[in-house]
Each structure stands twice: as C-alpha cells, then as structure tokens.
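Take my numbering: the final residue in the sequence shown is number 340, and no numbers are missing along the way.
We put the CB at the ideal spot given by N, CA and C, even for glycine.
All remarks here apply to the structure that follows.
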Amino acid sequence: MGIIAVRLNDKEEKILEHLQAFYNTDKSKILKEAMLEKFEDLRDREVIDEFEKKMDSGTVKFGTADNLIKKIKNR
C-alpha cells in the first residue's frame with residue numbers, strides 16, 4: 266500500500282475540511298473517492314470515443330426494443 270503526501274493551499278484545505286465534516290468521514294476516503302470518480306470519467310470517455318469511431322466507420326447497428334427483448338428471452 267502506498268502513502269502519498271498532498272500539498273493543499275488554504276482554500277483547498279478548507280474545501281477538504283468542509284467535505285470531511287459534511288460526509289462525516291476521513292480526508293483520505295474523500296480523496297480516494299474523488300480519484301475513483303475521475304478514473305470512471307476517463308473510462309466513460311474511452312468507451313464514448315470507441316463508440317464514436319464505430320459510428321464513423323458505419324459498424325454500429327441499432328435495433329428495436331422488441332427485438333432486444335426477444336433476444337434476451339431466447340437465451
């Protein structure tokens with residue numbers, strides 16, 4: 266497990282303290298959750314980029330909800 270030191274200016278420290286009080290948790294957890302949210306945003310962007318490439322190449326096909334339900338029921 267790694268330990269990382271983070272330097273915060275006064276404004277950033279007050280924000281972190283405010284979040285800590287609001288969520289009633291430790292600062293480390295708040296920072297970890299923020300990091301995971303940023304990572305999720307990155308993964309979402311990657312999925313969107315991949316979809317857009319498929320759209321541009323014409324390999325994306327859309328179907329009806331009825332066809333999707335039929336496929337699910339036939340499994």
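Along the chain, where does the alpha helix (DSSP H) containing residue i start, and where does it finish?
{"i": "methionine 320", "result": "292-322"}
{"i": "asparagine 332", "result": "330-338"}
{"i": "alanine 270", "result": "Unbroken run through alanine 270: none, as it is neither H nor E."}
Round the Cβ separation of residue i and residue j to the nearest angstrom and send it over; I've been treating them as touching at under 8 Å.
{"i": "isoleucine 268", "j": "leucine 281", "result": "That belief does not hold up - the Cβ atoms of isoleucine 268 and leucine 281 are roughly 17 Å apart, past 8 Å."}
{"i": "valine 312", "j": "lysine 319", "result": "The pair is not a contact, with the Cβ atoms about 11 Å apart (cut-off 8 Å)."}
Measuring CA to CA, which of the options is closest to residue i?
{"i": "alanine 299", "options": "Leu284, Asp309 and Asn332", "result": "Leu284"}
Might you give, ordered along the chain, the residues of its own chain that have their beta carbon closer than 8 Å to the beta carbon of residue i, omitting 5 neighbours on each side?
{"i": "aspartate 291", "result": "Gln285"}
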